[in-house]
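Protein chains in written order, with my numbering: chain A, 1 to 211; chain B, 212 to 422.
All C-beta atoms, glycine included, are put in the ideal place defined by N, C-alpha and C.
From a predicted model like this one, the values you see are computed outputs, not experimental measurements.
Number of protein chains: 2
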Amino acid sequence: MLMPEIDPPLSPRGRKRDPDRDIAILEATIDLLAEVGYDGLSTAKVADRALAGKGTMYRRWPTKTDLVLDAVAHMKAQQIDLEALPDTGSLRGDLLALFQPSDSAQLDRTSRAMAGVVSMISQMPGLAETGDYSIFAPWIAANTILMERAAKRGEIPAAADIALAAQIIPSMAAYRALILRVAIEKDLLVRLVDQIVLPALHESTAHPSRR
Amino acid sequence: MLMPEIDPPLSPRGRKRDPDRDIAILEATIDLLAEVGYDGLSTAKVADRALAGKGTMYRRWPTKTDLVLDAVAHMKAQQIDLEALPDTGSLRGDLLALFQPSDSAQLDRTSRAMAGVVSMISQMPGLAETGDYSIFAPWIAANTILMERAAKRGEIPAAADIALAAQIIPSMAAYRALILRVAIEKDLLVRLVDQIVLPALHESTAHPSRR
DNA sequence: CCAATTCGATACTGGAAGGTATCGGAACAA
DNA sequence: TTGTTCCGATACCTTCCAGTATCGAATTGG
């Protein structure tokens, strides 16, 4: 009978793959992505920075695109943990605390890498639909959760447009990172929370001019 | 005496340059920038689409980067005219009218071209500082003017954080165009104006939780 | 008419980069 | 020990592309 073994690799005899090489290559990819963008990133430079051979890379990722996408996924995994969100008792405290843990330098590197990914999307029609690449999506999700908790507490009206309000800070961060290419400062975050997001949520009653 | 003529080109004898070629090339550049991004854009493809020879391009722009930057400037010139902003009497009407004139298709092309520019910035350290490339900057300026006019009318308190509020809609547009790659719909704009921007401006009194 | 310049088209050059192949050495299983 | 796989390194191939050069035709001023 044909196909005697569907899963033949039962005896991996030779040397084993070093998992450290994976993360070294992925980290080098993120670094370069943040520095020179997707097209400026060459596989040779990645291998160079990771102190790896190109063969080691291509044994794991068949193409440059696969490598970058996996690097972005690896970066996302290091981001916000939706299971362990801040819980300070007030929505204001929660939103401000959401930024605190990750030092701004880390956030800056992440943002710049994201800018590199944008260029990749431009050349890959169909990739945008998946949305798997976006760093900002989990952050919007975190904002949503915090706001829904506040609504359940009665801190903000149930009629508030949380879906929209949760996008304000992330979209502003995206704008600054991608276009302005400046890090988001603590001061700006406080202004966003106190003068934009919280007023919008509280005064969620429609506000058509004055009527 | 040396330097007899500082501006010698007083007798341009031969055939004259056709100004139509300039705009044809710039338009083709914007189109391709929106379709394939900066790195996916080749000078050969631009010349091809513009029905021009490469020599005609390089006679005008010494390098690909110069061409793209000029194309972006040309695109910006077709955008909002800060001298002829809407004046409906209410800030709400003005903000909503700011979007109306430009059909969404045009806005979509502009946004996608902007996404292509982002990739260029990633590879050109120092270009981000100039800010000359950003399509969104004039739009923020327009928002600022409309809001300042409303403040002068007494429609919104003078203490409102206009500088910040003016960035909300443009940054959201940038996020959707660059990351989500979807056009901004009229419905979303109305929600942004009524439930975020206007409440933020009216209730500009600090809102720290509840204190 | 004539010289100068522009036009579109095309061939060419030099370099950069994705991906493959190979090599000597190391780790690991039988 | 031996065969297999992984490792870093490097040479190599192929494709793509920015930028240049050239050609014949068209336009324009002298």
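query                                                                                                                                                                : result
Would you mind giving the Cβ-Cβ distance between Asp39 of chain A and Asp250 of chain B, rounded to the nearest angstrom? I have them listed as a contact below 8 Å. : 4 Å
How about Leu375 of chain B: is its C-beta nearer than 7 Å to some C-beta of chain A?                                                                                : yes
Can you give the Cα-Cα distance for Ala417 of chain B and Tyr175 of chain A, rounded to whole angstroms?                                                             : Residue placement at Ala417 of chain B cannot be trusted, given a pLDDT of 47 that sits under 50; what the coordinates show is reported in the next sentence. Going by the C-alpha atoms only, they are around 24 Å apart.
Expressed to the nearest angstrom, what Euclidean distance is found between the alpha-carbon atoms of Ala369 of chain B and Ala377 of chain B?                       : 14 Å
In chain A, which residues lie with their C-beta within 8 Å of the C-beta of Glu414 of chain B?                                                                      : Pro199, His202, Glu203
Beta-carbon separation of Leu389 of chain B and Leu96 of chain A under 7 Å?                                                                                          : no
Please report whether the beta-carbon of Ala352 of chain B lies at a distance below 7 Å from any beta-carbon of chain A.                                             : no
Hey, would you say Ile236 of chain B sits closer than 7 Å to Ala263 of chain B, going by beta carbons?                                                               : yes
Between which two residues does the alpha helix (DSSP H) harbouring Leu237 of chain B extend?                                                                        : 230-251
What residue does the alpha helix (DSSP H) around Gln317 of chain B start on, and which one ends it?                                                                 : 315-334
Per the contact definition of three or more C-beta pairs closer than 8 Å, is the stretch 342-354 of chain B in contact with the stretch 284-292 of chain B?          : yes
So with Cβ pairs under 7 Å, would you call Val36 of chain A a contact of chain B?                                                                                    : yes
With 7 Å set as the bound, which would you pick, yes or no: does the beta-carbon of Gly40 of chain A sit closer than that to a beta-carbon of chain B?               : yes
Taking the alpha-carbon positions, what's the Arg260 of chain B to Ala239 of chain B distance?                                                                       : 6 Å
Asp398 of chain B: buried (16+ other C-beta within 10 angstroms of its C-beta) or exposed?                                                                           : exposed
By Cβ distance below 8 Å, which residues in the same chain neighbour Met147 of chain A in space, the five residues on each side in sequence not counted?             : Leu91, Ile156, Ala160, Ile162, Ala165, Ala166, Leu201
Hey, Met57 of chain A and Ala71 of chain A: beta-carbon distance below 7 Å or not?                                                                                   : no
With distances taken Cα to Cα, identify the nearest neighbour of Ile234 of chain B among B:Ser253, B:Ala284, B:Glu246.                                               : B:Ala284
In chain B, which residues lie less than 9 Å from Ile79 of chain A when you measure between Cβ atoms?                                                                : According to the sequence displayed, residue 79 of chain A carries Gln and not Ile. Correct list: empty, because the minimum Cβ distance to chain B is about 15 Å.
Between A:Ala173, A:Val36, A:Arg17, A:Gln123, which has its C-alpha nearest Asp108 of chain A's C-alpha?                                                             : A:Ala173
If we define contact as Cβ-Cβ less than 7 Å, is Met147 of chain A a contact residue for chain B?                                                                     : no
First and last residue of the alpha helix (DSSP H) that includes Ser222 of chain B?                                                                                  : From DSSP, Ser222 of chain B is part of no alpha helix (DSSP H); its letter is neither H nor E.
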